[in-house]
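Structure first, commentary second.
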Amino acid sequence: MTATTPRDRVWQAIRHVQPDRVPYHFTFTVPARQKIEAHFGTTDLDRALGNHAVKYRSRGPYSFEEVRPGYLRDEFGVVWNRTVDKDIGVVDEYQLKDRTLAGYRFPDPRDPRRYAALPAFIEANAGRFRYYSLGFSLFERAWSLRSMTELLVDMLEAPRFVDELFDAIVEFDLAVLDEVLKHDVDGVLFGDDWGQQQGLIFGARLWRRFIKPRLAVLYGRVKRADKAVLIHCCGKVQELFPELIELGLNVFNPFQPEVMDPYEMKRQFGRELAFYGGMSVQRLLPYGTPQQVRDEARRLMDEVGRDGGLILAPSHDMPGDIPLENMLAFIDAVREG
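The structure is reproduced here in structure tokens:
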């Protein structure tokens, strides 16, 4: 079967069918995006680069509100310091100071303004794989409200409060999914980092206690709509792959070569899991030569992309310390196929 659109190629990769070329998705942090936009003379990088996948995030009334220069409040009331990191930032003000949800109110997940631009987004990207990005989908939402330190202690000292908090987040997420899945999206990407460079932040036992049963509910809602389930989860988390596959995960991102060997992961899990990412933003892209970047891009396409199972992308949004010539070497090698 020959793919005719980028969307076809992504679906073939997910279904472990060899597409006519490996699908790809180039993404950037704000500083890197500025360099690439200046080079190509456009802000529409999805079209300029031919990205095979595109993501939709809620905008409009749910954008960040600047409360003072460089500090932005999100829709959950959390204030983020973006004076250094322009993309995500560091939490400056948490909402849940104590182990209680009393007095706290979640935003309205069903407000139609949240999805107002979705139909036009779908129409404009008819030939691309369109997914809804549900960032901070569980653990990340919890710690951004409570603080990482307090939440980790809560998991040990106050598990009932953690259950209450996580269940409230799942209720919010399910309402979002109900609205999103009314539209012709191809999948949903859940953003939720559980890992760091050496392993899980809070261990497999607590992951199984607090995270896994709730993923079953969230993934199940997407699977019943016959959509693809994707997750973005940074860190060394491959010990969870068998259980994530069991839960119905289709695509794992960002596929960091510093913490998991892409070629070994393909050998172990490539028949059941598709990978989205793979090109190092920690080492190769910032510190390698353009030729090394081209060579690794071709190897990833040839070996990890064999028989489907790969959406080639950077192992996170490309940061600003990557030389322009290396970003272009990556882009050119992938687009040449």
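First residue of the sequence shown: 878, per the working numbering; consecutive thereafter. Don't be surprised by glycine CBs; every beta carbon is placed ideally from N, CA and C.
Where residue i sits in the DSSP three-state scheme
i	result
GLU1011	In the sequence under discussion, the amino acid at residue 1011 is Leu, which differs from the Glu named in the question. Residue state, collapsed to three classes: strand.
GLY1186	coil
HIS1109	strand
MET878	Only weak support exists for where MET878 lies, its pLDDT of 47 falling under 50; the coordinates are left without a value.
PHE1087	helix
GLU1180	helix
ASN958	strand
LEU926	helix
VAL1211	helix
PHE1146	helix
ASP1198	coil
PHE1118	helix
GLU1135	coil
TYR992	helix
TYR1140	helix
TYR981	coil
PRO883	helix
ALA1001	helix
ILE913	helix
PRO908	helix
GLN895	coil
Sequence-distant residues of its chain with Cβ nearer than 7 Å to residue i (five each side left out)
i	result
GLN1161	According to the sequence as given, residue 1161 is Leu; it is not Gln. Closer than 7 Å at Cβ, skipping near neighbours: GLN1169, VAL1170, GLU1173.
TYR1140	GLU1180, VAL1181
PHE917	ALA925
PHE1132	PRO1139, PHE1152, TYR1153, GLY1154, GLY1155, SER1192
Closer than 9 Å to chain D by CB, residue i
i	result
PRO996	The question asks about chain D, but that chain is absent: this structure has only one protein chain.
Closest Cα partner of residue i within the set the options
i	options	result
ILE1088	ARG1023, PHE953, ARG1018, ALA930	ARG1018
LEU926	VAL944, GLY1097, PRO900, ASN1127	PRO900
ALA1206	LEU1028, PHE903, ARG945	PHE903
VAL1053	PRO986, ALA997, SER1014, THR919	PRO986
LEU1077	LEU1124, VAL907, VAL1136	VAL1136
LEU1095	LEU1201, LEU1058, LEU1187, GLY1072	LEU1058
ARG1085	GLU1120, GLN1159, ALA1105, ASP1061	GLU1120
ILE965	SER1192, GLY1072, TYR948	TYR948
GLY1214	PRO1196, ARG1176, GLY1197, ASP969	ARG1176
ARG910	GLU1041, ASN1203, ASP1194, VAL1211	ASP1194
THR1166	LEU1201, PRO1036, ARG959	LEU1201
ALA1102	ASP1063, GLU1041, ILE999, CYS1110	ASP1063
CYS1111	GLN1159, PHE953, LYS1143	GLN1159
HIS893	ILE1199, PHE905, LYS1113, PHE1152	PHE1152
ASP962	ASP885, MET1204, PRO1196	PRO1196
PRO1191	HIS1109, LEU1028, ILE1122	HIS1109
ILE913	VAL1039, ASP897, ASN1203	ASN1203
GLU1123	GLU1000, TYR992, LEU1150	LEU1150
ALA993	HIS1060, THR881, ALA915, LEU1028	HIS1060
VAL1065	ALA1001, PHE1146, PRO984, TYR1008	TYR1008
GLU1041	ALA979, GLN1074, LYS1143, ASP1055	ALA979
ASP1055	MET1032, PHE1079, PRO989	PRO989
Other residues of its chain near residue i: CB distance less than 6 Å, five sequence neighbours each side excluded
i	result
ASP1209	none
VAL1106	TYR1096, VAL1099, GLY1125, LEU1126, ASN1127
PRO1134	SER1157
ARG934	SER1010
PRO908	GLY1197
ASN1130	HIS1109, TYR1153, GLY1154
For residue i, the residue or residues it bridges with in DSSP
i	result
PRO1191	MET1156
LYS932	TYR1008
ARG1171	According to DSSP, ARG1171 bridges with nothing at all.
ALA1151	VAL1128
ARG945	TYR948
VAL1094	The partner list for VAL1094 (beta bridge, DSSP) is empty, contrary to what the question assumes.
GLU970	VAL956
ALA901	It should be noted that the sequence gives Tyr, not Ala, for residue 901. Its beta-bridge partners are LEU1189.
Contact set for residue i: own chain, Cβ-Cβ below 8 Å, skip 5 residues either direction
i	result
VAL944	ARG950, VAL956
PRO883	PRO900, GLY927, ASN928, HIS929, ALA930, GLY1004, ARG1005, PHE1006
LEU1015	PHE1043, ILE1046, VAL1047, ASP1050, PHE1067, ASP1069, ILE1088, ARG1091, LEU1092, LEU1095
VAL968	VAL955, VAL956, TRP957, ASN958, SER1021, SER1024
TRP1071	PHE1016, LEU1077, ILE1078, PHE1079, TRP1084, ILE1088, CYS1110, GLY1112, VAL1114, LEU1117
In chain order, which continuous runs of the alpha helix (DSSP H) of length 4 or greater are located wholly inside the stretch 1004-1085? 1016-1023, 1025-1034, 1036-1057, 1080-1083
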